[in-house]
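**Q** My structure is below; once you've seen it, I'll send some questions.
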Amino acid sequence: MEKQLNVFIVAGESSGDIHASLLMEELRRNRPNLNFIGIGGSRMAKSGLETIVDISKISVVGFAEVLKNLKFFKWVFNKCEEIFKTQKIDLLICVDFPGFNLRLTKIAKKYKIPVCYYIAPQLWAWGQRRIKTIQKNVDLLLVVFPFEKDFFSKFLKNVEFVGHPLLDLPIFKEPFLNFEER
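According to this note's numbering, the sequence shown is numbered sequentially starting from 2.
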């Protein structure tokens, strides 16, 4: 019997909750011995997440909202760090949400926790100022658009194109197929 692996996974938005839940289900199909703990929403909870903070509390928009909730965010980072320090976390998976997750990768590295980043920050659109943080703290970057693999491979060794999780669903394929037939 394989040993249980503890995966700390973080999504901070509704779309991330969907993507992370699909990822969790796929990972568990291949490795049933995974235990998921972290930050997510109802879909991730249904997929087996032991939730420490619900995304409804962490998903804020704009700089003013972040400032207003600064004490809460500090508490969340401290809570994550406490878990990294006291529990055997085998992997951190960050799903999108770069304003939060890139900071969390630094904390994970402090405890020598491998980091996988799923749905890369859109540095190709927003500028490359975060690339050093990613180079230092991310062990594997999973990208959802083919051009992202080329872009990020200039800076990182371990970049994999995995496809867009929603565009692979049958509901999205059908309308496109019909459009192409017209």
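Don't be surprised by glycine CBs; every beta carbon is placed ideally from N, CA and C.
The model shown is predicted, which means the values in this text are computed figures rather than measured ones.
Could you check how far apart the C-beta atoms of isoleucine 19 and glycine 41 are, in whole angstroms? I think they sit under 8 angstroms.
**A** With 8 angstroms as the limit, isoleucine 19 and glycine 41 do not qualify as a contact, their Cβ atoms being about 10 angstroms apart.
**Q** Report the three-state DSSP secondary structure of glutamate 161 (helix, strand or coil).
**A** If DSSP states are grouped into helix, strand and coil, glutamate 161 belongs with the strands.
**Q** Name the DSSP beta bridge partners of alanine 204, please?
**A** An answer regarding residue 204 cannot be provided, because it is not within the stretch 2 to 183 covered by the chain.
**Q** Enumerate in chain order the residues of its own chain whose CB-to-CB distance from valine 54 is below 6 angstroms, with the five nearest sequence positions on each side excluded.
**A** Excluding residues within five positions, the ones whose Cβ falls inside 6 angstroms are Ile40 and Val77.
**Q** Kindly give me the distance between the Cβ atoms of valine 144 and alanine 109, rounded to whole angstroms, as I take these residues to be in contact under 8 angstroms.
**A** Valine 144 to alanine 109, Cβ: 20 angstroms. No contact.
**Q** Does DSSP classify aspartate 55 as helix, strand or coil?
**A** Three-state DSSP puts aspartate 55 in a strand.
**Q** What's the gap between the Cα of glycine 49 and the Cα of tyrosine 112?
**A** Computed Cα separation, rounded: 24 angstroms.
**Q** Is it right to say glutamate 161 is buried, meaning 16 or more other beta carbons lie within 10 angstroms of its own, or is it exposed?
**A** The residue is exposed, with fewer than 16 neighbouring Cβ atoms inside 10 Å.
**Q** Just list the residues that DSSP pairs isoleucine 40 with in beta bridges.
**A** DSSP output for isoleucine 40 lists Val11 and Val54 as bridge partner(s).
**Q** Count the other C-beta atoms from every protein chain shown that fall within 10 angstroms of the C-beta of lysine 4, then say buried if there are 16 or more, exposed otherwise.
**A** Exposed, because fewer than 16 other Cβ atoms sit within 10 Å of the Cβ of lysine 4.
**Q** Count the other CB atoms within 10 Å of the CB of leucine 142; is the residue buried (16 or more) or exposed (fewer)?
**A** The residue in question, leucine 142, is buried, as its Cβ has 16 or more Cβ neighbours within 10 Å.
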